[in-house]
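Peer 1:
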Amino acid sequence: MSKLILKPSRTFLGALLFLNHLLSGCLAIHDPPPKPRPLPGWTLIWSDEFYSPDGSSPDPAKWTYDVGGKGWGNNELESYTNRKENARIEKGNLVITAQKQTYTGADGVTRDYTSARLKTQNLFTQTYGRFEARIKIPEGQGMWPAFWMLGQDIPSAGWPKCGEIDIMENIGKEPGSVHGSLHGPSTASPTSDLTAILTLPAGQNYAANFHLYAVDWEPDTVRFYVDSNLYATFRSSDWPAGGKWVFDHPFFIILNVAVGGDWPGSPDASTKFPQSMLVDYVRVYTRR
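Next up, the structure:
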């Protein structure tokens, strides 16, 4: 007996492929975000997993921006913007991108570089706890990525009276080192400071991989971590003479990539642009 073989038309096959692609895309968009890992002894109170569609802006309920090219107290060379070209979501990461381009901001200042500086000011603040972010930093002379915090009273108290906690700073000319610091007011000098550096073995650099940067902040003590390594513990009893310990009130979070400035120096011919900092997540916990 002869067999009747039915062959689907190319139109039908095309429709099936399109439907499969459409459904796959819908599932990728609507799948629930992965839950943050439990952390023994801690309760998660705030986080951003950056689980938004590719190309979208950071969540405005969680982040706002500093904008402008006024140097930010460090003679920096970038103009910070709130454009997607400088801050967007891609593949589950916040991507902060520094670009070499001439740009005039709303403040009327023209710069040859753009970047972004995101903050939780007036949206989220916290006193004490564990603040952590998984980050892959950019690289190159003149790059200055940072994950840090300022006291929420900066509008009234000013800096450095508000206090500053630098969870992670890197300057491109030191690819194998990151800095953790506290800055506050002093009657004996412009600021009072405590700083520690964690350096990788020779030939390694932080830009090559994601790393977890964190502080464990409690009354009178701030501990600094990279991945699982505790590399510095600062206590109020360690504070320099003439300084004041001001780490006892709410702080907000900042993520940024600066270009140039007094500390890192300017980019040079070896610096490649664009340069991006990728942030997998930011999480804040309190002790149970």
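Residues in the sequence shown are numbered from 2 upward in steps of one, following the working numbering.
Each residue gets a CB set at the ideal place from its N, CA and C atoms; glycine is no exception.
No experiment lies behind these values; they were computed from the predicted model shown.
So, is Pro251 buried or exposed, given that buried needs 16 or more other C-beta atoms within 10 angstroms?
Peer 2: exposed
Peer 1: Would you give the residue range spanned by the beta strand (DSSP E) that Asp157 belongs to?
Peer 2: According to the sequence provided, residue 157 is Ser. The question's Asp does not apply to it. Unbroken run through Ser157 is the alpha helix (DSSP H), 155-158; no beta strand (DSSP E).
Peer 1: What's the gap between the Cα of Ser277 and the Cα of Pro54?
Peer 2: 18 Å
Peer 1: Considering just the uninterrupted stretch of the beta strand (DSSP E) at Thr121, what are its terminal residues?
Peer 2: That residue, Thr121, is in no beta strand (DSSP E); it is neither H nor E in DSSP.
Peer 1: In angstroms with no decimal places, state the Cα-to-Cα distance between His22 and Gly93.
Peer 2: Its pLDDT being 46, under 50, His22 is placed unreliably by the model, and the measurement read from it follows with that caveat. His22 and Gly93: Cα-Cα distance of roughly 20 Å.
Peer 1: From Thr82 to Arg118, what does the alpha carbon distance come to, in whole angstroms?
Peer 2: Approximately 8 Å, taken between the alpha carbons.
Peer 1: How many Å lie between Arg284 and Leu213 at the Cα?
Peer 2: 11 Å
Peer 1: Quick check: the segment 173-187 against the segment 231-247, are there 3 or more CB pairs under 8 Å?
Peer 2: yes
Peer 1: Measure the alpha-carbon distance for Gly70 versus Asp263 and round it to whole angstroms.
Peer 2: One C-alpha to the other measures close to 15 Å.
Peer 1: Taking Cβ positions, are Ile97 and Leu256 nearer each other than 8 Å?
Peer 2: Yes.
Peer 1: Go ahead and label Asp239 buried or exposed: buried means 16 or more other beta carbons lie within 10 angstroms of its beta carbon, across all protein chains shown.
Peer 2: exposed
Peer 1: For Asp49, which of Thr200, Phe132, Leu231, Thr192 has the nearest alpha-carbon?
Peer 2: Phe132
Peer 1: Locate the beta strand (DSSP E) running through Asn230, then write down its first and last residues.
Peer 2: 230-236
Peer 1: Taking contact to mean at least 3 C-beta pairs separated by less than 8 Å, is the segment 56-70 in contact with the segment 124-139?
Peer 2: yes
Peer 1: Please look up how many angstroms separate the CB atoms of Gly143 and Thr272, rounded, as I've assumed it's under 8 Å.
Peer 2: Between Thr272 and Gly143 the Cβ distance is about 5 Å, and since that is below 8 Å, they are a contact.
Peer 1: Would Glu79 pass as a contact of Tyr114 if the rule is Cβ separation under 8 Å?
Peer 2: yes
Peer 1: Taking the alpha-carbon positions, what's the Leu279 to Asn87 distance?
Peer 2: Linking Leu279 to Asn87 through their CA atoms gives a straight-line distance of about 12 Å.
Peer 1: Is Asp239 helix, strand or coil by DSSP?
Peer 2: helix
Peer 1: For Gly42, which residues from the same chain have a beta carbon less than 7 Å from its beta carbon, with the 5 sequence-adjacent residues on both sides left out?
Peer 2: Arg288, Arg289
Peer 1: Have a look at Pro59, Leu95, Ser267 and flag the residue whose alpha-carbon is nearest the alpha-carbon of Lys101.
Peer 2: Ser267
Peer 1: At the level of alpha carbons, what is the spacing between Tyr352 and Glu170?
Peer 2: Residue 352 falls outside the range modelled here, since the chain spans only 2 to 289, and no answer is possible.
Peer 1: Whole angstroms are fine: how far does the CA of Pro146 sit from the CA of Val179?
Peer 2: Val179 and Pro146 have their C-alpha atoms some 10 Å from each other.
Peer 1: Rounded to whole angstroms, what is the Cα-Cα separation between Tyr286 and Arg135?
Peer 2: 15 Å
Peer 1: Jot down the residue ranges of each uninterrupted beta strand (DSSP E) in the segment 191-232, minimum 3 residues, whole runs only, in chain order.
Peer 2: 193-200, 212-219, 222-227
Peer 1: Assign Trp43 to one of three DSSP states: helix, strand, or coil.
Peer 2: Assigned with DSSP and collapsed to three states, Trp43 falls in strand.
Peer 1: Please report the distance separating the alpha-carbon of Thr222 from that of Ala242.
Peer 2: 17 Å
Peer 1: Please classify Phe148: does DSSP put it in a helix, a strand, or coil?
Peer 2: Looking at Phe148 - three-state DSSP - the assignment turns out to be strand.
Peer 1: With a threshold of 6 Å on Cβ separation, who are the neighbours of Met150 within its own chain once the five nearest residues in sequence on each side are excluded?
Peer 2: Ile166, Phe252, Ile254
Peer 1: For Gly152 versus Ile168, is the C-beta distance shorter than 8 Å?
Peer 2: no
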